[in-house]
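Reviewing the structure listed below.
Dropping the structure here:
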C-alpha cells in the first residue's frame, strides 16, 4: 500500500494570522478608543478593518501571530471586551491593504431604530435542535 501525503493547505499554514471578531457590549467611550487602537495596529503592522460603536466591536484583522496576539490582548484589556472571542485562519499573503478603525452607529447593521442587541436577544437553540427548528 502506498502512503499518500499531501502538501499542507496554504490557508492553514500561511505566514499571516487572520482574526475575525465581534462582541456586543455597552461601550459608551468607543470614540476615545479609536485612536489608540488604530495606532497600536499600525505600529504592529496589523491591517484590516475594525468597527467600534456604543454597542461593541466587529471586524477582521491580519498580521503576524505576535502582532495579532498583542492587538487582541489590548482589546481584551478593556473591561467591556475581557471575554472577547475570535476565530482565526491563515493566509499566505497579507489579505488587507491598510488598517482602518471606524466609528459606527452599529457594529452589525440591523436597520431597526433604537434596537440594542445587549438588551433584546433571540432564544438560544442547542445545535442538536437546529435542523428541527428550521424545517
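In my numbering, the protein residues as written are 24 to 158.
Glycine included, each C-beta is placed from N, C-alpha and C at the ideal position.
Can you find the residues in the same chain that come closer than 6 Å, C-beta to C-beta, to residue i, ignoring five residues on each side of it along the sequence?
| i | result |
| --- | --- |
| residue 124 | 57, 60, 61, 73 |
| residue 119 | 70, 71, 85 |
| residue 55 | none |
| residue 39 | 85, 114, 117 |
Would you list the one or two residues that DSSP bridges to residue i?
| i | result |
| --- | --- |
| residue 40 | 86, 113 |
| residue 76 | 79 |
| residue 71 | 84, 122 |
Expressed to the nearest angstrom, what Euclidean distance is found between the alpha-carbon atoms of residue i and residue j?
| i | j | result |
| --- | --- | --- |
| residue 43 | residue 98 | 13 Å |
| residue 154 | residue 110 | 24 Å |
| residue 66 | residue 80 | 20 Å |
| residue 68 | residue 95 | 14 Å |
| residue 53 | residue 158 | 40 Å |
| residue 150 | residue 92 | 30 Å |
| residue 152 | residue 106 | 26 Å |
So, for residue i: in the same chain, excluding its five sequence neighbours on each side, which residues have a beta-carbon less than 8 Å away from its beta-carbon?
| i | result |
| --- | --- |
| residue 129 | 76, 78 |
| residue 108 | 44, 46 |
| residue 88 | 40 |
Indicate the three-state DSSP secondary structure (helix, strand or coil) for residue i in the structure shown.
| i | result |
| --- | --- |
| residue 47 | strand |
| residue 57 | helix |
| residue 169 | The displayed coordinates of the chain run from 24 to 158. Any statement about residue 169 would go beyond what the structure contains. |
| residue 52 | coil |
| residue 65 | helix |
| residue 93 | helix |
Only counting the same chain, and skipping five residues up and downstream in sequence, which positions put a Cβ closer than 7 Å to that of residue i?
| i | result |
| --- | --- |
| residue 122 | 61, 64, 65, 69, 70, 71 |
| residue 82 | 44, 71, 72, 73, 74 |
| residue 104 | 46, 48, 80, 98 |
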